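Anchor point for the sequence shown: position 338 equals 338 in full-length UniProt numbering, and the numbering is continuous, going up by one each time. For glycine and all other residues, C-beta sits at the position ideal for the given N, C-alpha and C. Values in this document were obtained by computation on a predicted structure and should not be read as measured data.
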Amino acid sequence: MSYNLSGGALRDVFSIKKHASVNTPIILQVTNIKPVLYKDEVKKYRLLLNDGQYAAQGLVDEPCITYLQNNNFSRYSIIEVKEFSTFPTQKHIFIVKDAVIVSPTSEKGNSNDYISVDTYYAEHPDDDNLQIAQRQAAARSESPIPGSEQNRPQQFQQPQQYQNQPSNRNGFQGKITPIETLSPYQNNWTIKARVSYKGDLRTWTNAKGEGKLISVNFLDESDEIKASAFQDVAISAHKLLEEGKVYYISKAKVQASNKKFNTLSHPYELVMDRDTKIEECFDVDNVPKMHFNFIKLNQIPNLDPNAIIDVLGALKIVNEPYKITAKSTGKEFDRRNVTIVDETGFAIDVGLWNNTATEFSIPEGSIIAFKSCRVQDFNGRSLTLTQTGSMLPNPNTPESYSLKGWYDNQGVNANFNNLKVESSGGETKIGDRKTIAQAQDESLGLRSEKEPDYFTVKASISFIKTDPNFCYPACTNEVQYNNRKSACNKKLVEQHDNSWRCEKCDKNYAQPTYRYILTCSIMDETNQIWVTLFEREALKILGKDANELIALQDDSAAFKDYIQEKCFQEHVFRIRAKQDTYNDQVRVRYQCVALYDIDYNAEAIHLSEQLDSLLV
Numbered sequence: 001m002s003y004n005l006s007g008g009a010l011r012d013v014f015s016i017k018k019h020a021s022v023n024t025p026i027i028l029q030v031t032n033i034k035p036v037l038y039k040d041e042v043k044k045y046r047l048l049l050n051d052g053q054y055a056a057q058g059l060v061d062e063p064c065i066t067y068l069q070n071n072n073f074s075r076y077s078i079i080e081v082k083e084f085s086t087f088p089t090q091k092h093i094f095i096v097k098d099a100v101i102v103s104p105t106s107e108k109g110n111s112n113d114y115i116s117v118d119t120y121y122a123e124h125p126d127d128d129n130l131q132i133a134q135r136q137a138a139a140r141s142e143s144p145i146p147g148s149e150q151n152r153p154q155q156f157q158q159p160q161q162y163q164n165q166p167s168n169r170n171g172f173q174g175k176i177t178p179i180e181t182l183s184p185y186q187n188n189w190t191i192k193a194r195v196s197y198k199g200d201l202r203t204w205t206n207a208k209g210e211g212k213l214i215s216v217n218f219l220d221e222s223d224e225i226k227a228s229a230f231q232d233v234a235i236s237a238h239k240l241l242e243e244g245k246v247y248y249i250s251k252a253k254v255q256a257s258n259k260k261f262n263t264l265s266h267p268y269e270l271v272m273d274r275d276t277k278i279e280e281c282f283d284v285d286n287v288p289k290m291h292f293n294f295i296k297l298n299q300i301p302n303l304d305p306n307a308i309i310d311v312l313g314a315l316k317i318v319n320e321p322y323k324i325t326a327k328s329t330g331k332e333f334d335r336r337n338v339t340i341v342d343e344t345g346f347a348i349d350v351g352l353w354n355n356t357a358t359e360f361s362i363p364e365g366s367i368i369a370f371k372s373c374r375v376q377d378f379n380g381r382s383l384t385l386t387q388t389g390s391m392l393p394n395p396n397t398p399e400s401y402s403l404k405g406w407y408d409n410q411g412v413n414a415n416f417n418n419l420k421v422e423s424s425g426g427e428t429k430i431g432d433r434k435t436i437a438q439a440q441d442e443s444l445g446l447r448s449e450k451e452p453d454y455f456t457v458k459a460s461i462s463f464i465k466t467d468p469n470f471c472y473p474a475c476t477n478e479v480q481y482n483n484r485k486s487a488c489n490k491k492l493v494e495q496h497d498n499s500w501r502c503e504k505c506d507k508n509y510a511q512p513t514y515r516y517i518l519t520c521s522i523m524d525e526t527n528q529i530w531v532t533l534f535e536r537e538a539l540k541i542l543g544k545d546a547n548e549l550i551a552l553q554d555d556s557a558a559f560k561d562y563i564q565e566k567c568f569q570e571h572v573f574r575i576r577a578k579q580d581t582y583n584d585q586v587r588v589r590y591q592c593v594a595l596y597d598i599d600y601n602a603e604a605i606h607l608s609e610q611l612d613s614l615l616v
């Protein structure tokens, strides 16, 4: 269905000659949406709007937000704007003060067909209402603020004089420039922004010598921008800036963004030097902590590889961390994969790295927002959290509450289409797998008393132990553990009255809930090992939960047949090998930390490549 958009309206509202003749309502299409959070709540929406001919940036005022959220406001919605305004002395920003939704969705247009209002007025400055206003404002600001020299903030001129102390300038009365309007063509700007990300102070070396570098991201309610500092300035910035705090920043160099090292959408970035002024601000109420531009999971296959996106999902699976080694440097990294789902019926893996991976403690079932994930295109689609990315559990937003309600009522038991087409071995390429004999010959698990080794193997289950114990009665009481809530899972003890008790939680149960602790023999063409599988991996193999299998034991023949059916099936196992001492004998204990089905298409391609290599 097509809609009659108000062609030319976005151009005319900024025109000296035509703005007075613009009539409401104005019919526009929403090309993009970016929620702006304040205290974890949506306070504004940043928009990209088009009228069928022209495109402009927009903002939704707070009074209009509740209506839009309750009426399926989304990307490509058609809105009827009843009341609007513009920034009097800033960029061409169209402010929606009152609007109704004509259609929650519409056909996607070609963004190349729309002329940017900024581009149009760069070519027609004499008709630009904002440029006239900006010149008038600049003329009024030529005179210095009385007393400004006495209240000058800290500068980078002498790094050793840096002091991280309260400023006397929180009565700042100059004009604050929104981050989204920063460009190399501006002078005498000051931004008021929160440090949303602070990188480590790094040392680099090249043919010219050695130096220091630090990168931070500054965030206000309009946008986010990267800033870098080098040498002594980097050391000073590292001491002064704290992640999460708000500062006034001015006199930094504005230059084109280097997208090779910058994942933010802002076209420019800042370079701080000795003339840069930075002063802590304590009036922080209007500065958001974080903002997101969420992409639904079903839209990810349509995105370009390496695109940087924000996603919101319910945490379906939390896998164990493992180590990988970079082939180029030999350096080891910690890695953990988690799986999130949303109401579109899709699931995707998100890769976490190093401390974020090892310290991850958010329980399954939580709603989690990931900011700045990179889209990967190996064996389907997956995401990896970038170095400057972050995550926020259970964000206080309408989207989060809606997703939580859906997941608890429907999603927890739903089936999902995973965007990741598992290669045999998950994150490990087929060519990087080992045989059991190779793992044993390399003494994996015996090389360190404290640190385990990890390897991936394709093997068949040759035997499943069911006697005496393949599961245990577990306590389901929710406890706090490492700053997260999870089931206790301690073993219950049967009482004389046939109830079951957890001594740790001091809690009794009429009937127990069983959890797997399964021991299997797996074998490949080279050897055999015994492997322990816990609840998640055991459930993948057996296909029934432990309570169902306990009940099936009443029919011993059916139970035996069912277990036998699960044997001699081939899987890809991610194995954790750890040294263990028993009766003064050192041995290796093997645990399966992840289990994958065989992708026979990928196996056939790999085998074909191996055969081709023999013919060269």
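Tyr-514 versus Tyr-562 - alpha carbon distance: 18 Å
Own chain partners of Asp-12 with C-beta closer than 8 Å, once the 5 adjacent residues on each side are dropped: Lys-18, His-19, Ser-21, Val-22
Start-to-end residues for the beta strand (DSSP E) that takes in Gly-313: 308-318
Inter-residue spacing [alpha-carbon to alpha-carbon] between Phe-282 and Gly-244: 12 Å
Close Cβ partners of Val-117 (< 8 Å) along its chain, the five nearest in sequence each way excluded: Leu-10, Arg-11, Phe-14, Tyr-54, Ala-55, Ala-56, His-92
Cβ-based neighbour list, Asp-349, same chain, cut-off 6 Å, excluding 5 preceding and 5 following: Asn-337, Thr-339, Ser-382, Lys-420
Cβ contact check for the segment 289-304 and the segment 315-322: 3 or more pairs under 8 Å: no
Counted within 10 angstroms of its Cβ, other Cβ atoms place Val-493 as buried (16 or more) or exposed: Taking all protein chains in view, the Cβ of Val-493 is surrounded by fewer than 16 other Cβ atoms within 10 Å, so the residue is classified as exposed.
Whole-angstrom C-beta distance between Val-102 and Ile-191, which should lie under 8 Å: Not a contact, Cβ separation roughly 36 Å.
Contacts around residue 619, its chain only, beta-carbon distance under 6 Å, and the 5 residues preceding and following it disregarded: Examination of residue 619 is not possible in this model, given that the chain is present from 1 through 616 alone.
One or two residues paired with Leu-352 in a DSSP bridge: Arg-336
Minimum C-alpha distance to Arg-574 - residue among Leu-549, Thr-435, Asn-217, Ser-608: The closest CA to that of Arg-574, considering only Leu-549, Thr-435, Asn-217, Ser-608, is found on Thr-435.
Range of the contiguous alpha helix (DSSP H) that encloses Phe-218: Segment 209-219 is the beta strand (DSSP E) holding Phe-218; no alpha helix (DSSP H) there.
contact_flag[the segment 236-254, the segment 265-278] where n(CB pairs < 8 Å) is 3 or more: Enough Cβ pairs lie closer than 8 Å, so yes.
Proximal residues to Pro-305 (C-beta, below 8 Å), its chain only, five neighbours per side dropped: Val-375, Gln-376, Asp-377
Under the three-state DSSP convention, the category Cys-502 falls into: strand
Sheet register partners of Ala-227 (DSSP bridge): Val-216, Leu-270
Alpha-carbon spacing of Ala-586 relative to Glu-451, whole angstroms: Note that residue 586 is Val in the sequence shown here, rather than Ala. Approximately 15 Å between the Cα atoms of the pair.
Buried/exposed call for Lys-458, threshold 16 Cβ in 10 Å: buried
Collapsed DSSP secondary structure at Ser-141 in the structure displayed: Below a pLDDT of 50, predicted positions are generally treated as unreliable, and Ser-141, at 44, falls in that range; no measurement from the model is reported.
Range covered by the beta strand (DSSP E) that runs through Phe-573: Unbroken beta strand (DSSP E) run through Phe-573: 570-582.
CA-to-CA distance, Ser-448 to Ser-486, given in whole angstroms: 31 Å
Close Cβ partners of Thr-119 (< 7 Å) along its chain, the five nearest in sequence each way excluded: none
Backbone secondary structure at Asn-4 - three-state DSSP: coil
Spatially closest choice to Ile-78 from Pro-25, Ala-414, Ser-85, Glu-503, by CA coordinates: Pro-25
Per DSSP, cross-strand counterpart(s) of Gln-585: Tyr-582
The segment 495-504 in contact with the segment 547-562 per 3-pair CB rule at 8 Å: no
Asp-113 classed as buried or exposed, judged by whether at least 16 other C-beta atoms fall within 10 angstroms: exposed
Neighbourhood of Asn-418 by C-beta distance below 8 Å, restricted to the same chain and skipping five residues each side: Thr-339, Phe-346, Ala-347, Ile-348, Asp-349, Gly-380
Sequence-distant residues of the same chain with beta carbon closer than 6 Å to Ala-538, five excluded per side: Once the five neighbours on either side are set aside, the close Cβ partners of Ala-538 are Tyr-516, Leu-518.
Span separating the alpha-carbon of Val-81 from that of Lys-97: 8 Å
Contacting residues, own chain, Cβ-Cβ under 7 Å from Leu-5 (five flanking each side not counted): Ile-27, Leu-28, Gln-29, Asp-51, Gly-52
Range of the contiguous alpha helix (DSSP H) that encloses Tyr-120: 117-123
Pairwise C-alpha distance: Gly-431 and Leu-607: 10 Å
Where Phe-559 falls: helix, strand or coil (DSSP): In this structure, Phe-559 counts as helix in the three-state DSSP scheme.
Same chain, Cβ closer than 7 Å to Thr-31, neighbours up to 5 away in sequence not counted: Leu-48, Leu-49, Asn-50, Ala-55, Ser-111
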